[in-house]
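S.K.: Below you'll find the structure I mean.
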Amino acid sequence: MKAMVLRRPNTPLVMEERPLPAPGPGELRLRVEACGVCRTDLHVVDGELPDPKLPIVPGHEIVGRVEAMGRGVSGFAIGQRVGAPWLGHTCGHCPYCVTMRENLCDDPLFTGYTRDGGYATHAIADASFCFALPETGDAATLAPLLCAGLIGWRTLKMAGPAETIGVYGFGAAAHIIAQVAILQGKRVHAFVRPGDNAATQFALSLGAASAQGSDAPTPEPLDAALIFAPVGGLVPRALGSVKKGGAVVCGGIHMSDIPSFPYALLWGERRLQSVANLTREDAREFLSLAPTLPLKLHATPYPLAQANDALSDLREGRLQGAAVLIP
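Here it is as C-alpha coordinates:
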(Lines of atoms letter the chains of each structure in order from A; the text may use other names.)
(Lines give C-alpha, C1' and ligand atoms only; values in the text may rest on other atoms or scores of the structure.)
Protein backbone atom coordinates (compact mmCIF):
# COMPACT_ATOMS: atom_id res chain seq x y z
CA MET A 9 0.00 0.00 0.00
CA LYS A 10 0.96 3.64 -0.36
CA ALA A 11 0.37 6.34 2.23
CA MET A 12 1.11 10.03 2.72
CA VAL A 13 2.72 10.21 6.16
CA LEU A 14 3.33 13.02 8.64
CA ARG A 15 6.58 12.29 10.42
CA ARG A 16 6.83 15.55 12.38
CA PRO A 17 4.41 18.49 12.73
CA ASN A 18 5.06 21.46 10.47
CA THR A 19 6.78 19.32 7.84
CA PRO A 20 5.45 18.14 4.47
CA LEU A 21 3.80 14.75 4.22
CA VAL A 22 6.00 12.05 2.69
CA MET A 23 4.85 9.22 0.42
CA GLU A 24 5.69 5.79 1.87
CA GLU A 25 5.20 2.24 0.66
CA ARG A 26 4.08 -0.09 3.43
CA PRO A 27 3.06 -3.74 3.71
CA LEU A 28 -0.66 -4.27 3.25
CA PRO A 29 -2.07 -4.45 6.82
CA ALA A 30 -4.25 -7.28 8.05
CA PRO A 31 -7.37 -6.31 10.00
CA GLY A 32 -7.43 -7.34 13.64
CA PRO A 33 -10.47 -8.57 15.57
CA GLY A 34 -13.43 -6.27 14.98
CA GLU A 35 -11.64 -4.38 12.20
CA LEU A 36 -12.09 -3.80 8.48
CA ARG A 37 -9.45 -3.22 5.85
CA LEU A 38 -10.72 -0.67 3.38
CA ARG A 39 -9.49 0.00 -0.12
CA VAL A 40 -9.77 3.77 -0.12
CA GLU A 41 -11.80 5.32 -2.92
CA ALA A 42 -11.54 8.89 -1.64
CA CYS A 43 -10.56 10.77 1.50
CA GLY A 44 -11.62 14.32 2.27
CA VAL A 45 -9.10 16.95 3.34
CA CYS A 46 -10.47 18.59 6.48
CA ARG A 47 -9.37 21.64 8.43
CA THR A 48 -8.75 19.30 11.36
CA ASP A 49 -6.09 17.63 9.22
CA LEU A 50 -4.45 21.05 8.96
CA HIS A 51 -4.52 21.38 12.74
CA VAL A 52 -2.75 18.01 13.02
CA VAL A 53 -0.18 18.76 10.32
CA ASP A 54 0.48 22.28 11.61
CA GLY A 55 1.03 21.09 15.19
CA GLU A 56 -2.03 22.83 16.63
CA LEU A 57 -3.47 19.63 18.13
CA PRO A 58 -1.34 18.05 20.87
CA ASP A 59 0.15 14.57 21.01
CA PRO A 60 -0.67 13.00 17.64
CA LYS A 61 0.52 9.47 17.02
CA LEU A 62 3.70 9.92 15.01
CA PRO A 63 4.32 8.98 12.32
CA ILE A 64 0.65 9.35 11.37
CA VAL A 65 -1.33 8.94 8.17
CA PRO A 66 -3.84 11.84 8.29
CA GLY A 67 -7.38 11.81 6.95
CA HIS A 68 -10.71 11.01 8.55
CA GLU A 69 -13.30 11.42 5.80
CA ILE A 70 -12.74 7.99 4.31
CA VAL A 71 -14.87 6.41 1.61
CA GLY A 72 -13.71 2.88 0.90
CA ARG A 73 -14.63 -0.63 -0.12
CA VAL A 74 -14.38 -3.48 2.38
CA GLU A 75 -11.45 -5.61 1.27
CA ALA A 76 -10.93 -7.82 4.34
CA MET A 77 -12.67 -8.39 7.68
CA GLY A 78 -11.18 -9.33 11.02
CA ARG A 79 -12.50 -11.94 13.41
CA GLY A 80 -15.92 -11.18 14.87
CA VAL A 81 -17.03 -8.62 12.29
CA SER A 82 -20.65 -8.87 11.18
CA GLY A 83 -23.02 -6.66 9.24
CA PHE A 84 -20.58 -5.91 6.41
CA ALA A 85 -19.72 -7.64 3.15
CA ILE A 86 -16.60 -7.81 1.02
CA GLY A 87 -16.80 -5.10 -1.63
CA GLN A 88 -19.35 -3.01 0.29
CA ARG A 89 -18.85 0.76 0.27
CA VAL A 90 -18.49 2.22 3.77
CA GLY A 91 -17.37 5.42 5.43
CA ALA A 92 -14.96 5.86 8.34
CA PRO A 93 -15.15 9.20 10.21
CA TRP A 94 -13.10 11.10 12.83
CA LEU A 95 -14.29 9.16 15.88
CA GLY A 96 -12.56 5.83 15.33
CA HIS A 97 -12.98 4.01 18.66
CA THR A 98 -14.27 4.57 22.19
CA CYS A 99 -13.64 2.70 25.43
CA GLY A 100 -17.31 1.87 26.05
CA HIS A 101 -17.06 1.98 29.85
CA CYS A 102 -16.13 5.53 30.96
CA PRO A 103 -18.85 7.77 32.48
CA TYR A 104 -19.43 9.43 29.11
CA CYS A 105 -19.74 6.24 27.08
CA VAL A 106 -22.21 4.64 29.49
CA THR A 107 -24.42 7.75 29.41
CA MET A 108 -24.64 7.91 25.60
CA ARG A 109 -22.07 10.71 25.31
CA GLU A 110 -19.39 8.73 23.53
CA ASN A 111 -18.17 11.87 21.75
CA LEU A 112 -16.65 12.85 25.14
CA CYS A 113 -15.03 9.45 25.79
CA ASP A 114 -12.04 9.54 28.15
CA ASP A 115 -10.00 7.08 26.08
CA PRO A 116 -10.94 7.47 22.40
CA LEU A 117 -9.06 6.96 19.15
CA PHE A 118 -9.39 9.47 16.34
CA THR A 119 -8.89 8.56 12.70
CA GLY A 120 -5.94 10.36 11.18
CA TYR A 121 -4.79 11.69 14.56
CA THR A 122 -4.27 8.85 17.04
CA ARG A 123 -4.80 6.02 14.55
CA ASP A 124 -3.78 5.98 10.89
CA GLY A 125 -6.28 7.49 8.52
CA GLY A 126 -7.21 7.67 4.86
CA TYR A 127 -4.46 9.59 3.04
CA ALA A 128 -3.56 6.19 1.63
CA THR A 129 -4.59 3.45 -0.75
CA HIS A 130 -5.77 1.30 2.18
CA ALA A 131 -6.88 1.91 5.75
CA ILE A 132 -7.75 -0.16 8.84
CA ALA A 133 -10.88 0.90 10.71
CA ASP A 134 -12.90 -0.30 13.68
CA ALA A 135 -15.98 -1.88 12.12
CA SER A 136 -18.18 -0.56 14.94
CA PHE A 137 -17.39 2.97 13.82
CA CYS A 138 -17.93 2.45 10.08
CA PHE A 139 -21.14 3.25 8.24
CA ALA A 140 -22.74 1.93 5.08
CA LEU A 141 -22.74 4.42 2.21
CA PRO A 142 -24.67 4.50 -1.07
CA GLU A 143 -23.21 2.02 -3.53
CA THR A 144 -23.59 4.46 -6.40
CA GLY A 145 -22.42 8.03 -6.76
CA ASP A 146 -19.11 9.80 -6.76
CA ALA A 147 -16.88 8.86 -3.83
CA ALA A 148 -15.32 12.34 -3.93
CA THR A 149 -18.62 14.02 -3.10
CA LEU A 150 -19.48 11.48 -0.40
CA ALA A 151 -16.21 11.95 1.48
CA PRO A 152 -16.92 15.45 2.92
CA LEU A 153 -20.14 14.17 4.48
CA LEU A 154 -18.05 12.10 6.92
CA CYS A 155 -16.76 15.09 8.88
CA ALA A 156 -17.79 18.39 7.33
CA GLY A 157 -21.32 17.04 7.09
CA LEU A 158 -21.40 15.23 10.44
CA ILE A 159 -19.87 18.04 12.48
CA GLY A 160 -22.04 20.55 10.67
CA TRP A 161 -25.10 18.47 11.52
CA ARG A 162 -24.21 18.26 15.22
CA THR A 163 -23.48 22.00 15.27
CA LEU A 164 -26.84 22.80 13.68
CA LYS A 165 -28.66 20.54 16.15
CA MET A 166 -26.99 22.28 19.09
CA ALA A 167 -28.27 25.63 17.84
CA GLY A 168 -31.79 24.52 18.77
CA PRO A 169 -34.96 25.77 17.07
CA ALA A 170 -33.30 28.74 15.38
CA GLU A 171 -34.95 30.19 12.29
CA THR A 172 -32.38 32.85 11.38
CA ILE A 173 -28.80 31.59 11.40
CA GLY A 174 -25.43 33.16 10.78
CA VAL A 175 -22.64 30.91 9.50
CA TYR A 176 -19.11 32.18 10.10
CA GLY A 177 -16.46 30.66 7.85
CA PHE A 178 -17.87 29.30 4.60
CA GLY A 179 -15.73 26.22 3.99
CA ALA A 180 -16.56 22.55 3.61
CA ALA A 181 -18.80 22.18 6.68
CA ALA A 182 -20.63 25.47 6.14
CA HIS A 183 -21.35 24.83 2.48
CA ILE A 184 -23.08 21.56 3.42
CA ILE A 185 -24.95 22.54 6.54
CA ALA A 186 -26.08 25.91 5.17
CA GLN A 187 -27.90 24.00 2.44
CA VAL A 188 -29.46 21.65 4.99
CA ALA A 189 -30.67 24.62 7.07
CA ILE A 190 -32.09 26.38 4.00
CA LEU A 191 -33.92 23.20 2.96
CA GLN A 192 -35.40 23.15 6.48
CA GLY A 193 -36.85 26.59 5.80
CA LYS A 194 -34.31 28.61 7.79
CA ARG A 195 -32.74 31.90 6.69
CA VAL A 196 -28.96 31.68 6.49
CA HIS A 197 -26.55 34.61 6.43
CA ALA A 198 -22.97 33.76 5.46
CA PHE A 199 -19.95 35.54 6.91
CA VAL A 200 -16.72 34.95 5.00
CA ARG A 201 -13.11 36.07 5.21
CA PRO A 202 -13.16 39.85 4.51
CA GLY A 203 -12.44 40.50 0.86
CA ASP A 204 -13.12 36.93 -0.27
CA ASN A 205 -15.47 37.69 -3.14
CA ALA A 206 -15.37 34.11 -4.42
CA ALA A 207 -16.69 32.77 -1.10
CA THR A 208 -19.35 35.49 -1.05
CA GLN A 209 -20.64 34.46 -4.46
CA PHE A 210 -20.37 30.78 -3.56
CA ALA A 211 -22.57 31.25 -0.49
CA LEU A 212 -25.15 33.21 -2.45
CA SER A 213 -25.21 30.55 -5.18
CA LEU A 214 -26.17 27.96 -2.55
CA GLY A 215 -29.15 30.00 -1.34
CA ALA A 216 -27.79 32.16 1.48
CA ALA A 217 -30.04 35.15 2.20
CA SER A 218 -26.90 37.32 2.34
CA ALA A 219 -23.14 36.95 2.27
CA GLN A 220 -20.60 39.45 3.56
CA GLY A 221 -17.26 39.74 5.29
CA SER A 222 -17.10 38.55 8.88
CA ASP A 223 -16.26 42.12 9.90
CA ALA A 224 -19.60 43.40 8.57
CA PRO A 225 -22.73 43.81 10.71
CA THR A 226 -25.39 41.15 10.37
CA PRO A 227 -28.31 42.15 8.12
CA GLU A 228 -30.78 41.16 10.87
CA PRO A 229 -30.57 39.85 14.44
CA LEU A 230 -29.78 36.14 14.53
CA ASP A 231 -31.38 33.32 16.49
CA ALA A 232 -28.10 31.43 16.35
CA ALA A 233 -24.58 31.67 14.97
CA LEU A 234 -22.49 28.69 13.86
CA ILE A 235 -18.74 29.32 13.82
CA PHE A 236 -16.61 27.05 11.64
CA ALA A 237 -13.64 29.39 11.10
CA PRO A 238 -10.89 28.75 13.71
CA VAL A 239 -10.82 32.43 14.67
CA GLY A 240 -11.50 33.21 18.32
CA GLY A 241 -12.19 36.86 17.54
CA LEU A 242 -15.42 35.82 15.83
CA VAL A 243 -16.95 34.68 19.13
CA PRO A 244 -17.68 38.13 20.61
CA ARG A 245 -18.75 39.37 17.17
CA ALA A 246 -21.22 36.50 16.86
CA LEU A 247 -22.50 37.01 20.43
CA GLY A 248 -23.20 40.61 19.55
CA SER A 249 -25.28 39.47 16.58
CA VAL A 250 -27.59 36.97 18.27
CA LYS A 251 -30.85 37.81 19.99
CA LYS A 252 -31.54 37.25 23.67
CA GLY A 253 -31.86 33.54 24.28
CA GLY A 254 -29.81 32.80 21.17
CA ALA A 255 -26.87 30.45 20.76
CA VAL A 256 -23.34 30.72 19.43
CA VAL A 257 -22.01 27.25 18.61
CA CYS A 258 -18.31 26.72 17.81
CA GLY A 259 -18.03 23.76 15.44
CA GLY A 260 -14.25 23.38 15.21
CA ILE A 261 -11.83 21.27 17.24
CA HIS A 262 -9.29 24.11 17.46
CA MET A 263 -9.64 27.88 17.61
CA SER A 264 -7.33 30.78 18.30
CA ASP A 265 -7.76 32.43 21.70
CA ILE A 266 -11.06 34.15 22.33
CA PRO A 267 -10.49 37.80 23.28
CA SER A 268 -12.11 39.24 26.38
CA PHE A 269 -15.56 40.72 25.88
CA PRO A 270 -18.11 42.53 28.04
CA TYR A 271 -20.56 40.40 29.95
CA ALA A 272 -23.38 42.31 28.25
CA LEU A 273 -22.72 40.30 25.07
CA LEU A 274 -23.47 37.06 26.91
CA TRP A 275 -26.20 38.35 29.19
CA GLY A 276 -29.80 37.85 28.10
CA GLU A 277 -29.50 34.07 28.38
CA ARG A 278 -27.35 33.76 25.30
CA ARG A 279 -25.45 30.47 25.09
CA LEU A 280 -21.86 29.90 24.04
CA GLN A 281 -21.14 26.24 23.31
CA SER A 282 -18.55 24.03 21.62
CA VAL A 283 -19.00 20.87 19.60
CA ALA A 284 -16.75 17.96 20.54
CA ASN A 285 -16.39 15.22 17.96
CA LEU A 286 -19.57 13.31 17.10
CA THR A 287 -21.53 10.26 18.10
CA ARG A 288 -22.46 7.28 15.99
CA GLU A 289 -26.08 8.37 16.36
CA ASP A 290 -25.16 11.70 14.72
CA ALA A 291 -23.64 9.72 11.84
CA ARG A 292 -26.64 7.46 11.43
CA GLU A 293 -29.02 10.43 11.44
CA PHE A 294 -27.13 12.54 8.95
CA LEU A 295 -26.01 9.79 6.59
CA SER A 296 -29.65 8.68 6.36
CA LEU A 297 -30.86 12.23 5.77
CA ALA A 298 -28.26 13.45 3.27
CA PRO A 299 -29.24 11.19 0.34
CA THR A 300 -32.83 12.46 0.57
CA LEU A 301 -31.80 16.11 0.11
CA PRO A 302 -30.85 17.88 -3.13
CA LEU A 303 -27.44 18.92 -1.78
CA LYS A 304 -24.90 20.51 -4.12
CA LEU A 305 -21.63 19.08 -2.83
CA HIS A 306 -18.55 20.85 -4.17
CA ALA A 307 -15.38 18.74 -4.07
CA THR A 308 -12.05 19.48 -5.73
CA PRO A 309 -10.14 16.23 -6.39
CA TYR A 310 -6.39 15.85 -5.95
CA PRO A 311 -4.23 12.78 -6.59
CA LEU A 312 -3.00 11.18 -3.36
CA ALA A 313 0.57 12.29 -4.10
CA GLN A 314 -0.59 15.92 -4.11
CA ALA A 315 -1.88 15.87 -0.53
CA ASN A 316 0.51 18.67 0.43
CA ASP A 317 -0.93 20.84 -2.35
CA ALA A 318 -4.46 20.18 -1.13
CA LEU A 319 -3.51 21.10 2.43
CA SER A 320 -1.80 24.27 1.23
CA ASP A 321 -4.82 25.32 -0.84
CA LEU A 322 -7.07 24.77 2.18
CA ARG A 323 -4.71 26.67 4.48
CA GLU A 324 -4.55 29.65 2.13
CA GLY A 325 -8.29 29.78 1.43
CA ARG A 326 -7.98 28.92 -2.25
CA LEU A 327 -10.85 26.37 -2.19
CA GLN A 328 -14.62 26.59 -2.43
CA GLY A 329 -16.27 23.60 -0.80
CA ALA A 330 -14.02 20.65 0.01
CA ALA A 331 -10.74 19.13 -1.18
CA VAL A 332 -10.65 15.36 -1.67
CA LEU A 333 -7.73 12.98 -2.25
CA ILE A 334 -8.16 10.19 -4.79
CA PRO A 335 -5.65 7.29 -4.51
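Residue numbers (this note's numbering): 9 to 335. Using N, Cα and C, we set each Cβ at its ideal position, and we do this for glycine too. Just so it is clear, the structure is predicted and the values come from calculations on it, not from any experiment.
Among all the DSSP beta bridges, which residues are the ones paired with Ser282?
M.R.: Beta-bridge pairing links Ser282 to Cys258.
S.K.: Taking the continuous alpha helix (DSSP H) assigned at Gln187, which residues delimit it?
M.R.: 180-191 is the span of the alpha helix (DSSP H), which, as asked, contains Gln187.
S.K.: In the DSSP assignment, the alpha helix (DSSP H) including Val106 goes from what residue to what residue?
M.R.: Element bounds for Val106: n/a, residue is neither H nor E.
S.K.: Looking at the secondary structure, which residues open and close the beta strand (DSSP E) in which Phe199 lies?
M.R.: Where Phe199 is concerned, the enclosing beta strand (DSSP E) stretches over 195-200.
S.K.: What are the boundary residues of the beta strand (DSSP E) that Lys10 is part of?
M.R.: Start and end: 10-13.
S.K.: Assuming Leu305 and Thr149 form a contact by the criterion Cβ under 8 Å, report the distance between their Cβ atoms to the nearest whole angstrom.
M.R.: Right, the Cβ-Cβ distance comes to about 4 Å (below 8 Å), so this counts as a contact.
S.K.: Using a threshold of 7 Å, state whether the C-beta atoms of Pro27 and Gly78 are closer than that.
M.R.: Going by C-beta atoms, Pro27 is not nearer than 7 Å to Gly78.
S.K.: Can you tell me which of Met166, Gly160, Phe199, Arg195 puts its alpha carbon nearest to the alpha carbon of Ala180?
M.R.: Minimum Cα distance to Ala180 is reached at Gly160.
S.K.: If distances are taken between C-alpha atoms only, which option among Ala298, Ala291, Gln314 comes closest to Phe139?
M.R.: Nearest option by C-alpha distance: Ala291.
S.K.: Measuring straight from C-alpha to C-alpha, what distance separates Cys46 and Pro58?
M.R.: Cys46 and Pro58: Cα-Cα distance of roughly 17 Å.
S.K.: Helix, strand or coil for Ala151, going by three-state DSSP, please let me know.
M.R.: If DSSP states are grouped into helix, strand and coil, Ala151 belongs with the helices.
S.K.: Would DSSP call Ser218 helix, strand or coil?
M.R.: Note: Ser218 maps to strand in three-state DSSP.
S.K.: Could you tell me the distance, in whole angstroms, from the CA atom of Gly67 to the CA atom of Leu327?
M.R.: Taking the straight line joining both Cα atoms gives about 18 Å.
S.K.: Tell me which residues share the same chain as Val349 and place their Cβ nearer than 8 Å to its Cβ, disregarding the 5 neighbours each side in the sequence.
M.R.: Nothing can be reported for residue 349: it is not among the residues displayed for the chain, which extend from 9 to 335.
S.K.: Is the stretch 104-117 touching the stretch 83-96, taking contact as three or more C-beta pairs under 8 Å?
M.R.: Result yes; three or more Cβ-Cβ pairs closer than 8 Å.
S.K.: Using C-beta distances below 6 Å, list every residue in its chain close to Phe210, excluding the 5 sequence neighbours before and after it, in chain order.
M.R.: For Phe210, where only same-chain residues beyond five positions count, the Cβ hits under 6 Å are Gln328.
S.K.: Just to confirm the assignment, what range does the alpha helix (DSSP H) spanning Gly207 have?
M.R.: Looking at the sequence provided, one finds Ala at residue 207 rather than Gly. 205-213 is the span of the alpha helix (DSSP H), which, as asked, contains Ala207.
S.K.: Just verifying my parser: in three-state terms, what is the DSSP assignment at Ser323?
M.R.: The question names Ser, yet the displayed sequence has Arg at residue 323. Here Arg323 sits in helix by DSSP.
S.K.: When you compare the CB of Gln281 with every CB in chain D, is at least one pair closer than 7 Å?
M.R.: Going by chain labels, chain D is absent from the structure shown, which holds only one protein chain.
S.K.: Just to confirm, is the Cβ distance from Leu333 to Leu319 under 7 Å?
M.R.: No, the pair does not count as a contact, with Cβ atoms beyond the cut-off.
S.K.: Going by DSSP, which residues form a beta bridge with Arg89?
M.R.: Per DSSP, Arg73.
S.K.: Just to confirm before moving on: does the CB-CB distance between Gly260 and Arg278 stay below 7 Å?
M.R.: No, the Cβ-Cβ distance between Gly260 and Arg278 is not below 7 Å.
S.K.: Distance, Cα to Cα, Val52 vs Ala237?
M.R.: Roughly 16 Å separates the two Cα atoms.
S.K.: Per DSSP, Phe118 forms a beta bridge with which residues?
M.R.: In the DSSP output, where bridge partners are listed per residue, Phe118 has Leu95.
S.K.: Is the beta carbon of Val256 closer than 7 Å to that of Ala246?
M.R.: Yes.
S.K.: Mapping DSSP to helix, strand and coil, what is Glu24?
M.R.: If DSSP states are grouped into helix, strand and coil, Glu24 belongs with the strands.
S.K.: Need the endpoints of the beta strand (DSSP E) that Pro169 sits in, please.
M.R.: Element bounds for Pro169: n/a, residue is neither H nor E.
S.K.: Check this for me: beta carbons of Ile190 and Ala156, under 7 Å apart or not?
M.R.: Taking 7 Å as the Cβ cut-off, Ile190 and Ala156 do not qualify as a contacting pair.
S.K.: Would Pro20 and Ala76 qualify as a contact pair, given that the criterion is a beta-carbon distance under 7 Å?
M.R.: Contact: no.
S.K.: Note down the Cα distance separating Asn219 from Leu234, rounded to an integer number of angstroms.
M.R.: For the record, residue 219 in the displayed sequence is Ala; it is not Asn. If I take the Cα positions, the gap works out to 14 Å.
S.K.: Using C-beta distances below 7 Å, list every residue in its chain close to Lys251, excluding the 5 sequence neighbours before and after it, in chain order.
M.R.: Pro229, Leu230, Asp231.
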